Amino acid sequence: DAGVIQSPRHEVTEMGQEVTLRCKPISGHNSLFWYRQTMMRGLELLIYFNNNVPIDDSGMPEDRFSAKMPNASFSTLKIQPSEPRDSAVYFCASSEGQGNNYGYTFGSGTRLTVV
Amino acid sequence: AQSVTQPDIHITVSEGASLELRCNYSYGATPYLFWYVQSPGQGLQLLLKYFSGDTLVQGIKGFEAEFKRSQSSFNLRKPSVHWSDAAEYFCAVGFDTGRRALTFGSGTRLQVQP
Chain W
1 DAGVIQSPRH EVTEMGQEVT LRCKPISGHN SLFWYRQTMM RGLELLIYFN NNVPIDDSGM
61 PEDRFSAKMP NASFSTLKIQ PSEPRDSAVY FCASSEGQGN NYGYTFGSGT RLTVV
Chain C
116 AQSVTQPDIH ITVSEGASLE LRCNYSYGAT PYLFWYVQSP GQGLQLLLKY FSGDTLVQGI
176 KGFEAEFKRS QSSFNLRKPS VHWSDAAEYF CAVGFDTGRR ALTFGSGTRL QVQP
């Protein structure tokens, strides 16, 4: 099993540009989570999908952020336009069921730097 | 509101010494409890989990954790720390509604002295 695969590993972009982060969950996992990690705020849940349907997007900072899960094997997190305060490590995680009794498997993260 | 607290931001121990990392939660019922470890530049790796039953759970890498309902705690322990254990450790709490994702504590950074 290849685990949760995120791409790219690192992204440097200029303020105002569009950024797309990608995630491939573990096959058979039907819950997918996007988290953001910063020194100041720690790990924050952005959005949670179950069976490709968004269940909780209350953590999405603002309209500049959007996430999609068009099928069970792929999800994207898009930031448009990007701002320096979006600089963080973005993690994708997946889980069986709804996750709370299985725990999550995390990807290696995407380190985003907006200059 | 449900919450999880890791009161220690940073802990330093000597190699070979014992370790205990603290985690407290606030919730009306017994939650699902997890400990994760994050090495620099890496994602989070699950160490162990507790749902019910025996309150002392064993995990990978020689770690164990004990659930104490009376104290709303789920502390992580290791009898003898190795230099490779230096990392950040996160406690996480899940609730049985299934409609809320895990809530993570703020983390404890462990430094191991030779």
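Taken in order, these protein sequences are the chains called W and C.
Just so we're aligned, residue 1 is where the first sequence starts under our numbering, counting upward by one.
Just so we're aligned, residue 116 is where the second sequence starts under our numbering, counting upward by one.
We put the beta carbon where it would ideally sit given N, CA and C, even for glycine.
Computed from a predicted structure; not experimentally measured.
- Query: Name the chain W residues that come within less than 9 Å of residue 205(C), Cβ to Cβ?
  - Reply: By Cβ distance, chain W contributes 42 and 43.
- Per DSSP, which residues does residue 218(C) bridge with? Please list them. Note: residue 218(C) sits in a beta bridge opposite 208(C).
- Task: Just mark residue 169(C) as buried or exposed, buried being the case when its beta carbon has 16 or more other beta carbons within 10 Å.
- Result: Residue 169(C) sits exposed, since fewer than 16 C-beta atoms from the chains shown fall within 10 Å of its C-beta.
- Beta-carbon gap between residue 87(W) and residue 38(W) smaller than 9 Å: Yes.
- Task: Identify each residue in the segment 47–63 of chain W for which the Cβ-Cβ distance to at least one residue of chain C is less than 7 Å, and report them in chain order.
- Result: For chain C, the residues of the segment 47–63 of chain W that bring a beta carbon within less than 7 Å of one of its beta carbons are 48, 55 and 56, in chain order.
- Counted within 10 angstroms of its Cβ, other Cβ atoms place residue 183(C) as buried (16 or more) or exposed: Taking a 10 Å sphere around the C-beta of residue 183(C), we find fewer than 16 other C-beta atoms and assign the residue as exposed.
- Query: Taking 9 Å as the CB-CB limit, is residue 215(C) close to chain W?
  - Reply: Closer than 9 Å to some Cβ of chain W, the Cβ of residue 215(C) qualifies, so yes.
- State yes or no: is the beta carbon of residue 158(C) nearer than 9 Å to at least one beta carbon in chain W? So yes, residue 158(C) belongs to the interface.
- Check the DSSP bridge columns for residue 126(C) and list the partner residues they point to. 225(C).
- Item | Assumed close pair residue 159(C), residue 151(C) - CB separation to whole angstroms, cut-off 8 Å | Between residue 159(C) and residue 151(C) the beta-carbon gap is near 4 Å, inside 8 Å, which marks them as a contact.
- Query: Within the chosen definition, does the segment 93–112 of chain W reach the segment 5–13 of chain W through at least 3 CB pairs nearer than 8 Å?
  - Reply: Contact between the segment 93–112 of chain W and the segment 5–13 of chain W is present, with at least three C-beta pairs closer than 8 Å.
- Where residue 156(C) falls: helix, strand or coil (DSSP): Per DSSP, reduced to three states, the secondary structure at residue 156(C) is coil, with no helix or strand assignment.
- Message: With distance defined between alpha-carbon atoms, name the residue in 133(C), 131(C), 155(C) and 207(C) nearest to residue 224(C).
- Response: Nearest Cα to residue 224(C) within the set 133(C), 131(C), 155(C) and 207(C): 155(C).
- Item | Within chain D, partners of residue 106(W) - CB distance below 9 Å | Absence of chain D from the displayed structure is noted, the protein chains being W and C.
- Task: Kindly say whether residue 120(C), judged by its beta-carbon, lies nearer than 9 Å to any beta-carbon of chain W.
- Result: The beta-carbon of residue 120(C) is placed no less than 9 Å from the nearest beta-carbon of chain W.
- Message: Alpha carbons only, please: which of 189(C), 165(C) and 199(C) is nearest the one belonging to residue 176(C)?
- Response: The residue with the shortest Cα to Cα distance from residue 176(C) is 199(C).
- State buried or exposed for residue 41(W), treating a residue as buried only when at least 16 other CB atoms are found within 10 Å of its CB. Residue 41(W) comes out exposed.
- Item | Cross-chain neighbours of residue 103(W) in chain C, by beta carbon under 7 Å | Those are 149, 161 and 164, listed as they occur along chain C.
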